[in-house]
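Shown next, in structure tokens, is the structure this report addresses.
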Amino acid sequence: MSNRTLHSIPLCFLVSVPVLVPLFFTWWTYESFYVPKLFLLEALVVVTMTALLLSSFFKGFPARLSPPDLRAVLFPLAGFLVWCGLSLIQAYSLNSIQGYLLLVAQVCAALLTVLIICNDIRRIFLVRAALIAAFISSSIGIAQYFGLNYEHGIEWVWGRSLEKLDIYSTSGNPNFLAAYLIGLLPLALLGSLGRLDEVKGWRWFYGIAAAAMTLCLIYTRTKGAWIGACLAVAYLLWLYRANAHSYLKQGRIIAVSVAAVIVLISGLYLSGSIEWIITELQSLQAGNVTIRGRLFLWQVTLSMIADHPLTGIGWGSYRAWFQEYQGRFMDTHPDYVSLLTTQGSAESSHNEYLEIAAETGLIGLSLFLLVIFFAFRQVNRVKRREDARRQAVVYASAAGVLAILVHSMFVFPLHLVDAGMIFWMLIGLIHAAAMPDVDYSAKRLPAPGSRSKAMKVGVSLAAASLAGLLIFAAFRPVMASIYHKEAWAAMAGGNFFDAIRLAEGGMKWSSLNDELYLLSGAAKYQLGMYRASIDDYNKAYLIYPDYMILFNVGLSYKRMGMLNEAADSFKRAVYVRPNLKEAYGELLDILRSTGNKVEEESVMARMRKMGIL
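One point on numbering: in this note's numbering, the residue at position 6 of the sequence shown is 244, and numbering is uninterrupted.
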């Protein structure tokens with residue numbers, strides 16, 4: 239096997255990452271949009287890394303990271319990753335481990351991009367593949383907007399109202415889709431202007447892809463993504479300000495801009511979307527419920543940061559700690575209780591910077607910003623070069639990173655599989671394009687015959703075994719989610735014994751799926767197995783503390799006649815969820831039955847304070 243062929247194997251695996259991961263969807267539940275993609279990303283990263291190590295062992299791999307590059311690439315990435323790993327020591331939730339594995343896979347994808355995308359041909363290969371996947375996702379999203387429905391089987395639904403939630407493509411949510419598209423949109427825009435590719439046919443594809451991505455992005459109605467995309471375009475215009483005269487002279491920008499405007503206006507007019515775009519923009523007011531919801535989340539998150547300023551609460555622990563801090567916040571800000579209909583079980587702060595600071599402290603946030611600083615410093619590095627295509631890749635990648643960073647002020651794209659993967663691969667692409675190209679015709683490091691056949695076989699088997707174990711470990715949550723789906727169906731059909739059996743089967747695959755323990759606990763409650771249901775609920779609460787678990791535990795204690803324990807659970811439930819009327823009702827029933835008038839009045843006073851009475 240030739241040097242060139244062997245070095246192409248890791249490239250093929252790496253290029254499959256931005257193609258397969260965003261297009262790998264299922265039609266089951268919300269979680270199934272996430273878990274299989276996480277498995278696929280982890281598996282592809284493991285396989286790519288294994289192929290890279292084996293190619294280095296057998297044929298020698300060109301060393302890309304010189305000491306200056308180490309400081310710019312490896313040190314910031316490794317520093318952020320290691321610090322986040324250390325923060326797991328104090329993480330409250332066991333589920334933090336799975337969140338950290340996603341971060342590891344994404345950061346490793348960035349590092350692999352630096353090591354493997356070593357010349358102009360490879361850069362274009364990766365960009366083309368990523369934009370093909372983005373174009374397919376955009377096309378599906380647009381088709382969904384006009385009637386395509388494949389959530390429960392592919393069919394076309396005519397005559398329905400055009401809704402935002404119909405635009406999810408392969409991402410499961412329109413906001414998630416928008417976060418994914420804005421990272422790749424600058425590459426499509428520069429490609430349509432001929433800055434990336436010499437092949438004329440590909441320029442046409444880039445233009446069509448840019449139009450489809452922009453139209454789909456508008457249909458998602460994600461205002462944070464709109465702002466990020468606009469700032470990314472402004473950033474590109476600023477970077478190319480010195481070339482503006484030549485572009486205007488050629489008329490290329492004018493032609494492309496006019497064509498793009500015509501396409502977009504036509505699409506918006508045909509879909510009747512002009513009015514709701516104006517409505518969406520008008521919602522950017524301080525009194526809007528969405529804005530108030532964000533402010534509520536950010537204030538709760540700031541209180542976490544104030545309590546744990548340096549080291550944070552632990553990576554992936556925000557969801558576990560949120561309700562505790564929410565209860566504390568609501569005690570002093572009861573006017574926010576009305577928002578709990580939509581913001582009661584927040585999985586994120588809807589601001590990546592605040593969430594990183596809350597989970598890893600100001601030290602972790604500083605390390606993350608250091609990664610961004612070193613990436614954008616490469617933009618100035620390529621400005622001094624005359625390689626226009628290398629500049630275009632770096633500029634477009636930096637603009638994509640900027641778009642995601644702006645969007646990160648309002649949502650959580652870095653915690654998503656698709657958008658986070660694109661973000662970190664763009665970071666890697668910036669560094670890869672800023673480094674000198676590699677000539678694969680030259681042989682590096684160990685000569686082909688310098689290792690014995692037995693050693694080569696042994697290393698290959700060891701690498702394959704380790705890769706298999708890592709992939710199997712990543713596959714376990716997928717199997718658990720399949721059992722969860724089946725257990726949920728059994729529960730809905732009243733087959734409680736089957737639900738317990740299936741939930742326990744899923745637990746054997748993954749002990750970090752809290753939904754399995756919840757289903758098992760609910761099924762046992764229906765069968766009158768109250769003590770066993772409490773045990774399962776407590777295990778679920780250890781993975782993810784949730785107010786409904788506390789409420790369910792209180793019901794089980796009440797059925798067992800343990801009224802004091804039931805009252806404690808209900809009190810805890812209404813503390814973290816101050817407008818949970820069902821828990822207040824159960825608590826008042828217990829207090830009245832035990833004749834505790836003083837505490838009954840206290841509960842009634844709290845209900846009046848929270849605006850429930």
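C-beta: ideal position from N, C-alpha, C; glycine also. Since we're looking at a predicted model, the values are computed, not measured.
- In the structure shown, the three-state DSSP call for residue 707 is helix.
- Positions of the alpha helix (DSSP H) runs, each at least 4 residues long and wholly inside the stretch 589-637, are given as 590-621 in order along the chain.
- Around residue 775, the same chain offers 759, 787, 790, 791 as residues with beta carbons nearer than 6 Å, after the five sequence neighbours per side are excluded.
- Contact check for residue 785 against residue 561 passes: the beta carbons are separated by less than 8 Å.
- Going by beta carbons, residue 314 and residue 612 fall inside the 8 Å limit.
- Pairing residue 817 with residue 533, the inter-Cα distance amounts to about 19 Å.
- CA-CA distance, residue 277 to residue 604, rounds to 29 Å.
- Per DSSP, the continuous alpha helix (DSSP H) segment holding residue 454 begins and ends at 438-457.
- Per DSSP, reduced to three states, the secondary structure at residue 585 is coil, with no helix or strand assignment.
- Note that the C-beta distance between residue 554 and residue 337 is below 8 Å.
- Taking 8 Å as the cut-off, the Cβ atoms of residue 558 and residue 331 count as close.
- Classified as exposed, residue 545 has fewer than 16 neighbouring CB atoms from the shown chains inside 10 Å of its CB.
- Going by C-alpha positions, residue 753 is about 7 Å away from residue 722.
- Listed in chain order, the non-local C-beta contacts of residue 738 below 7 Å within the same chain comprise 758, 761, 762, local neighbours out to five positions each way being set aside.
- For residue 669, the enclosing alpha helix (DSSP H) has its first and last residue at 655-672.
- As the crow flies, the alpha-carbon of residue 827 is around 12 Å from that of residue 842.
- Counting only residues of its own chain and dropping the five nearest sequence neighbours on each side, residue 252 has a CB closer than 6 Å to the CB of 286, 350, 354.
- With fewer than 16 other beta carbons inside 10 angstroms of its own, residue 479 counts as exposed.
- The three-state secondary structure of residue 357, taken from DSSP, is coil.
- The beta carbon of residue 416 is closer than 7 Å to those of 455, 458, 460, 463 in its chain, skipping five residues each way along the sequence.
- For residue 384, no alpha helix (DSSP H) segment is defined, and its DSSP state is neither H nor E.
- Of all alpha-carbon atoms in 619, 702, 630, 807, the one lying nearest the alpha-carbon of residue 307 is that of 619.
- Beyond the five residues adjoining it in sequence on each side, residue 387 comes within less than 6 Å, by CB distance, of 393, 395 in the same chain, given in chain order.
- Residue pairing for residue 394: DSSP places it in a beta bridge opposite 386.
- If the five residues before and after residue 614 are omitted, its C-beta is found closer than 7 Å to the C-beta atoms of 636, all from its own chain and listed in chain order.
- Check the Cα spacing between residue 433 and each of 747, 634, 822: the tightest is with 634.
- Within the stretch 249-299, the complete alpha helix (DSSP H) runs of at least 4 residues fall at 268-296.
- Across the structure, residue 602 and residue 341 are spaced so that their CA atoms are roughly 13 Å apart.
- The beta carbons of residue 548 and residue 587 sit no closer together than 8 Å.
- In the structure shown, residue 551 adopts coil according to DSSP, grouped into three states.
- A straight line joining the alpha-carbon of residue 360 with that of residue 809 spans about 60 Å.
- In the three-state DSSP reduction, residue 460 falls in the coil class, being neither helix nor strand.
- Distances from the alpha-carbon of residue 368 to those of 468, 748, 426 put 426 closest.
- Residues of the same chain with a CB within less than 6 Å of the CB of residue 670, apart from the 5 flanking positions on each side, are 351, 352, 355 in chain order.
- In the DSSP assignment, residue 570 falls within the alpha helix (DSSP H) that extends over 556-570.
- Residue 716 is a Cβ neighbour of residue 274, given a cutoff of 8 Å.
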